[in-house]
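Before any comments, here is the structure.
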Amino acid sequence: MAQTASLSDPAKLSLRAQRALKLLQPLGIAAVRAAIGDTGAVTERLNANGSPAAQPDVVNRSLEIGRSVLDNLNTEGPDVMDLEKVMGLESIVLTVGRPALLIRSGHFDPPPDTWTVLEGRRAAIEGLFRSVGRIELDGHPSLQWVGTGFMVAPGVLATNRHVVQEFGRQSSGGKWQIDPGISARVDFAEEVDTVQPNEHSVIEIIGVHTVLDVALLRVDVSQSVAPALRLDGGNLALGRGKLGFVVGYPALDSRRNDPVTMQTIFANIYDVKRLQPGLLTDWSIAQRAYLHDCSTLGGNSGSCLVDLESGVVSGIHFGGRYLESNWAVSTRDLASDGYLVRLGAQFV
65 MAQTASLSDP AKLSLRAQRA LKLLQPLGIA AVRAAIGDTG AVTERLNANG SPAAQPDVVN
125 RSLEIGRSVL DNLNTEGPDV MDLEKVMGLE SIVLTVGRPA LLIRSGHFDP PPDTWTVLEG
185 RRAAIEGLFR SVGRIELDGH PSLQWVGTGF MVAPGVLATN RHVVQEFGRQ SSGGKWQIDP
245 GISARVDFAE EVDTVQPNEH SVIEIIGVHT VLDVALLRVD VSQSVAPALR LDGGNLALGR
305 GKLGFVVGYP ALDSRRNDPV TMQTIFANIY DVKRLQPGLL TDWSIAQRAY LHDCSTLGGN
365 SGSCLVDLES GVVSGIHFGG RYLESNWAVS TRDLASDGYL VRLGAQFV
């Protein structure tokens, strides 16, 4: 009963509608409206891999309602929208406003018209994909994989502290170790069309930050491993509204996200590598983190947040709240720490 009341609370619905519209405003409402076009075409794009959404009629209806809301914004504002209309707006946010594009054989799917800017930087963006991998486990009682990581120095993979805590512990002497009976590896493939994995063993936990949600892993480089990505050390001209993207492995989490809305954007395809564009929205002094609005899910923990213009990593994504804000540890903080520099990280 409490959940039903929450879903029908006018104040909460108004807040959700305002957030959705705020996300769409930088792209231009007219451009968003045009990008939706034929809702059937949007669904076809989402399901281009041949695995159609379980309820395409529900997705289409939600998009049609959202389009109607945009057409009538002058006469019907966010304060009077019901749940169906709010969810329609949110469906548009997640399909053309903040999409999560599948990556196939190292190439991202064609973006909606609102994100054609990605095409102009396709080669640079796709060049980063091979350095981002999924952290997988053997011997864990319940988890097969735990998050995302990316190369930050020769043989060094960065991820989140809370990711490493799923399979490692700090000893009485202060050193972090992988739990007995568990082995970890990183697979730099795991795309929707992957046939052959690209796996490298995790040799050790190099270190875990005591304040920031960051951890470093040593990766086996006896075979060719992906190059380290360039990191922002304080010289990028970052600010509110800067275009960026996250690369990672969003995982299904129906506990925190509406299943119909998740179906709208992810088409029931999870645990594979995606490109997730968005904006840098703010800076949190309390959390020492960048705020961004890319469409992320739980498996994105440890993803790189990349500045679109320069192609340089500006943050390490570590969490967020649905359609509200996401957080990424600033690489500038890591540069000032000096530890990564000594490991060979390239800050620019």
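With the working numbering, letter number 242 in the sequence shown gets 306, and the count goes up by one each step, no holes. We put the beta carbon where it would ideally sit given N, CA and C, even for glycine. All of these numbers come straight from a predicted model, not from anything done at the bench.
Residue burial is scored here from C-beta neighbours: Thr274 has fewer than 16 other C-beta atoms within 10 angstroms and is therefore classed as exposed. The shortest C-alpha to C-alpha distance from His226 to any of Leu280, Val370, Leu407 and Phe309 is the one to Leu280. Under the three-state reduction of DSSP output, Met151 falls in the helix class. Secondary structure in the region 216–283: the alpha helix (DSSP H) runs of 4 residues or longer, each lying completely within the stretch, are 225–228 in chain order. Note on the region 130–182: whole beta strand (DSSP E) runs with a minimum of 3 residues are 165–168, in chain order. For secondary structure counted as the beta strand (DSSP E) over 3 or more consecutive residues, the region 352–381 holds these complete runs in sequence order: 353–356 and 368–371. Only residues of its own chain outside the window of five on either side were considered, and among them Gly232, Arg233, Ser235 and Ile269 have a CB closer than 7 Å to the CB of Gln241, listed in chain order.
At a Cβ-Cβ threshold of 8 Å, Leu300 and Leu344 do not count as neighbours. Leu293 sits close to Val377, with the two beta carbons spaced by under 8 Å. Just measuring C-alpha positions, the residue of Ser374, Ala81 and Ser359 sitting nearest Arg385 is Ser359.
Residues Trp391 of the same chain have their beta carbon placed closer than 8 Å to that of Gln351, with the five preceding and five following residues left out of the count. Counting only the Cα atoms, Gly402 lies some 26 Å from Arg249. Pairing Phe382 with Pro341 gives a Cβ-Cβ distance that is not under 8 Å.
In the assembly as shown, Val259 is an exposed residue. Its beta-carbon has fewer than 16 other beta-carbons within 10 Å. The C-alpha of Leu339 is placed about 26 Å away from the C-alpha of Arg125. Secondary structure note for Gly191: its alpha helix (DSSP H) is the uninterrupted segment Arg186 to Phe193.
Taking the C-beta atoms as reference points, Ile189 is found nearer than 8 Å to Phe172. In the three-state reduction of the DSSP assignment, Val289 falls in the coil class. Put simply, the region 207–221 touches the region 189–198. At least three CB pairs are less than 8 Å apart.
Within the same chain, Cβ atoms closer than 7 Å to the Cβ of Val210 are found at Ile199, Leu201, Val227, Glu230 and Phe231, the five residues on either side in sequence being excluded. A distance of 8 Å or more separates the beta carbons of Gly130 and Gly161. In this model, Ala164 and Arg97 are separated by some 19 Å (Cα to Cα). In the three-state DSSP reduction, Ile333 falls in the coil class, being neither helix nor strand. For Ile199, the enclosing beta strand (DSSP E) covers residues Val196 to Asp202.
Val393 is bridged by DSSP to Ala353 and Ile380.
In this structure, DSSP gives Val412 a state outside helix and strand, which the three-state scheme calls coil.
Ranked by Cα distance from Leu295, the first of Arg396, Lys306 and Ile349 is Arg396. About 25 Å separates the beta carbon of Val336 from that of Glu388, a gap too long to meet the 8 Å contact definition.
The C-beta distance from Arg168 to Asp257 rounds to 5 Å, short enough to meet the 8 Å contact threshold. DSSP places Leu295 within a strand segment (E or B) once states are collapsed to three. In this structure, Pro74 keeps its C-beta atom at 8 Å or more from the C-beta atom of Gly305. DSSP, read as helix, strand or coil, puts Gln340 in strand.
Looking at the DSSP output, Gly308 sits in a beta bridge with Gly342 and Asp371. In the structure shown, Ser400 adopts helical secondary structure according to DSSP, grouped into three states.
Residue state for Ser78 is assigned as helix, using DSSP reduced to three classes.
Counting only residues of its own chain and dropping the five nearest sequence neighbours on each side, Ala84 has a CB closer than 6 Å to the CB of Leu153, Glu154 and Val157.
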